[in-house]
Each structure stands twice: as structure tokens, then as C-alpha cells.
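A short worksheet on the structure shown next.
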Amino acid sequence: MGRQKVKIARLESALNRRITYGKRMKGIAKKVKDLSHVCDVDVVVLMFHPNGKKATLCLGENRELLPILERYSKIGIQEREGRIRESQDLVKKMMRKIGHDVETQTPQPSMDESESLEEKAEKLKNKIKDVQEKINMATYRLSCWESPETVTNMDMLDDMEIIVRKNLQQLKLQKESMIVNEPAV
């Protein structure tokens, strides 16, 4: 017996939306990696959490975001618009099949807008490069915590020691607070 088809509709409960997002986001991330691996394609998916505070970036096998975005930015505006129109036409056909009539319009950018799009793309590339550097630094710091015996920089060891001492102090305070607030039996 196969799985029943799930009706796709917006969940009214914010809590249920967050829970469902968490589950489905993991499934989509797995599909992105599988698609990238099986078909040997570059895949990038950006998802925003329902509360709007957190974004998830899913990359396929190629873990470098910048080359993928550079490749995308090299695609001409006319080709991008053509792909958008094809996607919209496909959505229209699908909606008509289920009995909905949908009308979409694609805005046509002027030359000034095209130039500003290129400027925006350049700014985004720079931001991505900065974020990639921050990710690399965070990954390095995490690796230092996972295997502190590999750290050879004395300043890094001093910083790690300070953090451990602060965390130990916070743990002691939390423990004392729990003991004081513990109900008498």
C-alpha cells in the first residue's frame, strides 16, 4: 500500500508551519544534494524560515557558491527573461488543467535597470565573498574546538581558554540558580 497524497494548502497554525518547514526543509536539502550528485549539476536553493529570522542555503555537491552565482550572472538578461516566460507558461498550463485561469506579466527592464542589475549583481558577489570568508573562519574556529590539540596559535588558545572560563562560570551560576529554585520535597 502506497502513501496517501498530501493535500497542499497553507497551514493556519504558525507552530505547525514552523514544524512542517523544519521537516520539509531537511527533505528538500537532501533532494538538492541527490539531484546534484546523480545528475552532476550545480544546484542552489535558498529558503527562508516562516518566522523570517533564519535563511537556509542548500548547495549541491559543489560547495562553492560564488562560482555558481558568477555563472548565473553571465547568463544574459534576455535568456533569463525567456526562461522566466517558459516557467510562467508551464505554470499557466498546469493551472488551466486543474481549472484555474491565471494571468502573469513579466516586467521588461530598461537599459538603466539592466545596468543597475549588473551593479547589484556585483554587490551581491562581494557580499557572498564576505559571507564565504566568514563561513571559512567559523569552520576553522569550530575545528579548533573539535580538536584543540591541533591549535598552534597561542592567541587562539588564550581566546579559547577565556571562553571556557566564562562558560564554566555561567554553568556554575545556572547550577546554583537551579538549586536555589528547586522546590522542597
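The opening position of the sequence shown corresponds to residue -3 in our numbering, with each subsequent residue numbered one higher.
For every residue, glycine included, the Cβ atom is placed at its ideal position computed from N, Cα and C.
A quick note: this is a predicted structure, and the numbers were derived from the prediction, not measured.
- Only residues of its own chain outside the window of five on either side were considered, and among them L31 and G56 have a CB closer than 8 Å to the CB of V37, listed in chain order.
- Fewer than three Cβ pairs drawn from the stretch 132 to 146 and the stretch 112 to 124 lie within less than 8 Å of each other, which leaves the two stretches out of contact.
- About 34 Å separates the beta carbons of R13 and P63, which is beyond the 8 Å limit, so they are not a contact pair.
- Judged by beta-carbon spacing, L42 lies beyond the 8 Å limit of Q128, meaning their Cβ atoms are not closer than that value.
- Distances from the CA of L7 to each of V34, K1 and I15 were compared; the closest alpha carbon is that of I15.
- Put simply, of Q170, A117 and D155 the residue whose alpha carbon is nearest the alpha carbon of Y68 is A117.
- Between the alpha carbons of K49 and A10 lies a gap of roughly 14 Å.
- DSSP assignment within the stretch 144 to 178 yields the following whole alpha helix (DSSP H) runs of 4 residues or more, N-terminal first: 150 to 177.
- Shown here, L113 sits in a helix according to DSSP, grouped into three states.
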